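Visitor: Let me begin by handing over the structure; questions about it come next.
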Amino acid sequence: MIPVCPLRSLPRGEAFRLDADPPIAVFHTEDGEIYAIDDTCTHQDASLADGWLEGCEVECPLHASRFDLRTGKVDSPPAKLPVRTHTVVVEADTIYVIPSQEPRP
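Here is the structure:
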């Protein structure tokens with residue numbers, strides 16, 4: 001498990017870019033859910049943590065591709081490939097990520 005940050009440091013509606021290899025974006029939705037996906041858009045090299053969070057989707061800041069935070073699937077082109085999702089654990093008020101062992105698309 002990789003420690004991300006204290007839960008109180010990631011307000012609802014915000015994202016955090018975890019400098020892992022590859023980088024991981026951690027999102028805290030308005031509903032209080034926490035998700036983690038690969039940070040780099042599969043269409044072009046843009047940080048999804050810098051994108052716009054709406055519900056359980058993030059919109060890439062470059063060309064408006066949208067990804068479902070729950071599944072990693074593309075909800076809106078131009079991206080065609082999904083991003084990987086990662087397991088999130090909140091323990092003792094700290095957010096942790098367990099990186100996916102799946103190969104990157």
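Note that UniProt numbering gives residue 33 to position 33 of the sequence shown, counting from 1, and the numbers run on in steps of one.
A virtual CB, placed ideally from N, CA and C, is assigned to each residue, including glycine.
Computed from a predicted model, the values in this text were never measured in an experiment.
#1: Let me know the secondary structure DSSP gives Ala-64 once reduced to three states.
#2: Is there contact here, the region 49-57 with the region 79-93, by at least three beta-carbon pairs under 8 Å?
#3: Go ahead and label Thr-29 buried or exposed: buried means 16 or more other beta carbons lie within 10 angstroms of its beta carbon, across all protein chains shown.
#4: Measure the alpha-carbon distance for His-63 versus Tyr-96 and round it to whole angstroms.
#5: Can you have a look at Ser-9 and say buried or exposed, based on whether 16 or more other CB atoms are within 10 angstroms of its CB?
#6: Tell me the DSSP secondary structure of Asp-75 in three-state form.
Guide: Straight from the coordinates:
#1: coil
#2: no
#3: buried
#4: 30 Å
#5: exposed
#6: strand
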